[in-house]
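All residue numbers in the first sequence are consecutive under our numbering, ending with 840.
A virtual CB, placed ideally from N, CA and C, is assigned to each residue, including glycine.
To keep things clear, I will list the structure first and then write my remarks on it.
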Amino acid sequence: MENPEKNTLSEVFFPKSYDFKEKEEKWRKIWTDTKLYEFNYQEGKPTFTVDTPPPYVSADHLHAGHIMSYTQAEFIVRYKRMQGYNVFYPMGFDDNGLPTERFVEKKYKIDKSKITKSEFIDLCLKETEKGIETYRNLWNSLGISVDWSKTYSTIAPLPTKVSQWSILDLYEKGLIYKKELPILWCPFCGTAISQSDLETKERDSKMNYIKFGLSDGSTGIIATTRPEMLPACVAVYFNPTDERYVHLKDTEATVPLFDFKVPIRTSDAVDKEKGTGLMMVCTWGDQEDLEKWRLDNLPTKNLITEDGKITELGGKYQGMGIEEARKAVITDLSEAGILEKQESIIQSVNVHERCDTPVEFVLSKQWFIKITDNKEKWLEMGKKINWFPSHMFNNYEIWVDSLKWDWCISRQRYYGVPFPFWICQDCGEVIVPRKEDLPVNPFEQKPPVDICPKCASKNIEPEKDVMDTWATSSCTPFLLREIVGKPELFPVDVRPNAHEIIRTWDFYSVVKSTMHFNSVPFKNLMISGHGLDEQGRKISKRLGNYTPSDKLVEEYGADAIRYWATGAGLGQNLRFNPKEIKKGKQISTKLWNVARFIMMYDQSNNNSAEPAFEHADKWISEELNKTIEEATKHFEGYEYAKAKMAIEEFFMSKFADYYVEFVKYRLNGEDDASRNAALTILKKTFCNILKMYAPIIPFITEELYQYFKEEKEERTIHTSPWPKVIKSMEQIDISDFNEALTTIDEIRKYKSENQISLGAEIPEYKLNTKVNLDKYGLLVGKVGKVNRFI
RNA sequence: GGGCGUAUAGCUCAGUUGGUUAGAGCGUUACGUUGACAUCGUAAAGGUCUCCUGUUCGAGUCAGGAUACGCCCACCA
């Protein structure tokens, strides 16, 4: 500085503008160094445990949507911390299972035949490490207050132990079984999947009308999108009331190309209007086939192998892929004149959500958890949870209603938590470890017995499958307490997540906690919406319609982006909006300047006169009380957006626009008692504003808090107590203060209309509005710079 | 086909239990100010509160229906 003497004290403390890069960096470091967010259990202090979604490692596409959803939850966490809760806020990473494998396969363009299992797992571990690092850096830069010392990854020993314990417990309770059934299979990933892994995709397809030979020598036309399933055809159906076909009852049809006979049956479930009214059933082309097979004891014809090829059942088509076989069959049908016609249609197909491959039914032996026979229980437990927003419970309810199969939890993959089982190859007996030996790796460890307890065979092999990613992550509610060894942390207080994983993570967590402990896994569920781009499209990696998160923080600063995240209520989608981010910066600037203003007077004030409070002081204090009440109520209901609005209305419209103006004459005046009162109220009120803003914009509030906190207060705003309503100045009556406000507005308006500077003094002014001049004459006169009222 | 959500100013959104002339911010326009303020102030323009029907003295708010968009689920012969 060229002329340090000329600067006021406040300018030494407060540079003219707020440098968010420097300050955010500074506080980030201090918070980390002082282990501010580290959880230490304290007897008697209420805890608040947060079960944050463990993301997958594919962290290269973090965007504003991720920021939004994690930040919105974090507002509440910070609020709870200030409310005096001992917050346990660990972060986990879901680094096992198919999502990670798919990510690594894609990134390294892996040819599975040219890489060993251990090389592959090493790559998965490496990517996991990188993913965790990316998240940690971004979360830190955003000021997400997780306790990094309690980070878990789902494949580490403790989570593995908990997942395996869970499986063992379910096994002992008879709630898990291994059985050969037609199951959902992804031919691309080469693994069983579950109903919740499905997604619906529309695609262009052809409806093929195929001639079947009938026993009376005529032909029947069957419409199908899957002619390659013909060799697996086991029956033909029509509706019993369908006049066109009644004569066919109990006769046979001849399957074209393959020339074998199948029975013709009736079923009420056949829709006369769909297709031709004649329907072929194959084992198993779709859901309907499966139903008929199950109900009518139809034979099983397994046409598709686990890698999506046609089996020997397909004759000349054996070994072809499904699409390839379909084309070949259509060509052959067409050449043989059996294809009546083809129509182009748009077909919805179930695909595996990880790879978009249409799923198939294949007969396979898998592990299942029993979930279909007690839907009422899942609904009952779901209702015991507080859903924020409440209508999100509908999604849960619909999902439970639509459950068709038990939860298939085994996956034919490499990178995941192994089942804690060995299997007797002769009698199929399942051999389990002792619980105290968990976690176990059956591939490397010997079973607890050398011979099968059932058949005395020595032919015992490890269970080769690994667990579904949700089978492990659904354990987090009872994993968290294990991390710190405190049983009372279950059920957790809040789980925040986006709505697309209600049917997986949330539902499966309810299932497991119910089965193990007959308890809900979490008391409160906070469901966030999606981040949208500026045009309102969902932000997605595929569209590439986003700025990477680290760039956003770099450009705008953490506080500004967090501020943007308050723009939509919980569960609502939020558009990316640079203007709102700039608004966040504006609020920071305003806070900064108000602080500079107050400190300028505070630093130069050196008298200790007893403060004499005035009407304006009482007024702003009452307004503060109202705001505290409102903000508290909103934060309690997870309505951070409304809390922000209440705080902002008070800060901008009441405090900065009015109160600060009201006290300027007192700050510059000679009355020490009055000046001290104004300063006291300015500082106290501003400090409370900072505290209320702290959960939303933690950096600037922390910086300014250092100047406004009282000696005995916490060193950091983030563990300082949340503001409380304090009644004071009871002897001052401000029931008619609104008249003073109206009068001041009137004078401002008068000056503006008459092109008089607001700072200009006017000798006399005739009031239109009614005001008690004995009471408010000084205030109105000084603020309006009017010397005399007439 | 079933369910849920959203629909208010050019844009982003508030509108509590139905109660006068429907609000804020941003943007636009005009004028003014600029010694806490990469500001600020005063004002203007801008809305048949998606549509229809009903309940009511009175509906943005309640009921029924419709439309559009988004999501969940089902169906996909």
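Once the 5 residues before and after Lys733 are set aside, which same chain residues still bring their CB inside 8 Å of it? The answer, listed in chain order, is Ile648, Asp652, Phe758.
Which of the three DSSP states is assigned to Gly207 in this structure? The sequence as given places Pro at residue 207; Gly does not occur at that position. Pro207 falls in the helix class under three-state DSSP.
The alpha helix (DSSP H) enclosing Pro813, as first and last residue numbers: Not the alpha helix (DSSP H): Pro813 falls in the beta strand (DSSP E), residues 812 to 815.
Among the residues of its own chain, which have a CB less than 7 Å from the CB of Trp455, if the five just before and after it don't count? Gln245, Thr422.
Please report how far the alpha carbon of Arg612 lies from the alpha carbon of Thr184, in whole angstroms. 19 Å
Quick one: what does DSSP say Leu729 is sitting in, helix, strand or coil? helix
Does the Cβ-Cβ distance between Ile126 and Ile260 come in under 8 Å? no
Mapping the DSSP letters down to three states, classify Met779 as helix, strand or coil. Three-state result, Met779: coil.
Does the Cβ of Ile797 have 16 or more other Cβ atoms within 10 Å, making it buried, or fewer, making it exposed? buried
Nearest-angstrom Cα separation, counted from Glu686 out to Thr99: 15 Å
To the nearest angstrom, how far is it from the Cα of Leu264 to the Cα of Met329? CA-CA distance, Leu264 to Met329, rounds to 14 Å.
Please classify Thr350 as buried or exposed, where buried requires at least 16 other C-beta atoms within 10 Å of its C-beta. exposed
Which value, in whole angstroms, describes the spacing of the CA atoms of Thr301 and Tyr295? 11 Å
Glu761 and Ser770 - do their beta-carbons sit closer together than 8 Å? no
Taking the alpha helix (DSSP H) that Gln368 belongs to, which residues open and close that run? Neither: Gln368 is in no alpha helix (DSSP H) and is coded neither H nor E.
Buried or exposed: where does Val902 fall if 16 or more other Cβ atoms within 10 Å of its Cβ makes it buried? Because the chain here runs from 51 to 840, residue 902 falls outside it and cannot be looked at.
Helix, strand or coil, according to DSSP, for Val836 in the structure here? Reduced to three states, the DSSP call for Val836 is strand.
Sorted by chain position, which residues of the same chain lie with C-beta nearer than 6 Å to Leu4's C-beta, five sequence neighbours on each side aside? Here the chain has residues from 51 to 840 only, and residue 4 is not among them.
Whole-angstrom Cβ separation of Asp406 and Lys251, contact assumed at under 8 Å? Indeed they touch by this definition, with Cβ atoms about 6 Å apart.
Quick check on the DSSP output: what are the complete alpha helix (DSSP H) runs of length 4 or more inside the region 429 to 475, in order along the chain? 443 to 451
Short of 7 Å in beta carbon distance, which residues of its chain neighbour Tyr68, apart from the five on each side in sequence? Order them along the chain. Ser638, Thr639, Trp642, Ile750
Cutoff 8 Å; reference Phe469; Cβ partners in own chain excluding five residues on either side: Gln214, Ile217, Trp417, Ser460, Pro492, Glu513, Asp515, Val516, Met517
Can you round the beta-carbon distance between Glu410 and Ile354 to whole angstroms, since I take them to be within the 8 Å contact cut? 5 Å
Below 7 Å CB to CB, which residues in the same chain sit around Trp614 once its five sequence neighbours on both sides are set aside? Asn627, Glu630, Ile631, Gly634
With a threshold of 8 Å on Cβ separation, who are the neighbours of Thr58 within its own chain once the five nearest residues in sequence on each side are excluded? With a pLDDT of only 45 at Thr58, under 50, the local geometry of the prediction cannot be trusted, and the value read off the model is given with reservation. Contacts found: Met650, Gln653, Ser654.
Quick one: residues in its chain with C-beta nearer than 6 Å to the C-beta of Phe70, no 5 flanking neighbours on either side, listed in chain order? Gly607
Which whole-angstrom value is the C-beta distance of Lys425 and Val450, which I expect to be below 8 Å? 5 Å
Within 10 angstroms of the Cβ of Lys130, are there 16 or more other Cβ atoms? Answer buried if so, exposed if not. buried
I need the straight-line Cα distance from Lys156 to Trp457, nearest angstrom please. 27 Å
Nearest-angstrom Cα separation, counted from Pro571 out to Val212: 14 Å
Just reading off the alpha helix (DSSP H) that Glu75 is part of, what are its end residues? Where Glu75 is concerned, the enclosing alpha helix (DSSP H) stretches over 70 to 83.
Pair within 8 Å by beta-carbon distance, Ala852 and Glu664: Since the first and last residues shown for the chain are 51 and 840, residue 852 lies out of range.
Does the region 309 to 318 come close enough to the region 273 to 291 to have 3 or more Cβ pairs within less than 8 Å? yes
Apply the 10 Å Cβ neighbour rule to Lys820 and answer buried if 16 or more other Cβ atoms are within range, or exposed otherwise. exposed
Taking only the alpha-carbon atoms, compute the straight-line gap between Tyr367 and Gly358 and give it to the nearest angstrom. Each residue's alpha carbon lies about 13 Å from the other.
Exposure of Lys496, with buried meaning 16 or more beta-carbon neighbours within 10 Å: It counts as exposed.
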